[in-house]
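Taking it in order: structure first as structure tokens, then the write-up.
In my numbering, the protein residues as written are 203 to 276.
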């Protein structure tokens, strides 16, 4: 998966180490971040078209604020 130009993101579903197959471990990693969490699943929604910026962060206003809608752009 490519995010913001050349940045690459990988998502891995890992086997749980305690035998609970219904709650696997997830590992999301990219150039400057590493996120691990445990959940029965997840959905990621892209709310806006990708944009090229000079920094690797967007302000809350640039992101459109806090939103839990399950609708992506397009």
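Positions of the beta carbon are idealized from the N, C-alpha and C atoms, including for glycine. Because the structure is a prediction, the values reported are computed rather than measured.
- Between the beta-carbon of residue 248 and that of residue 274 there is about 5 Å, and that keeps the pair under the 8 Å contact cut.
- Under DSSP, residue 235 takes part in a beta bridge, and its partners are 232.
- Here DSSP, grouped into helix, strand and coil, assigns residue 265 to helix.
- Inclusion of residue 215 and residue 225 in the CB contact set at 7 Å is not warranted, their separation being larger than that value.
- Of the candidates 221, 230, 220 and 262, the residue whose Cα lies closest to the Cα of residue 244 is 230.
- The beta carbons of residue 258 and residue 242 sit about 30 Å from each other, so the pair does not count as a contact at 8 Å.
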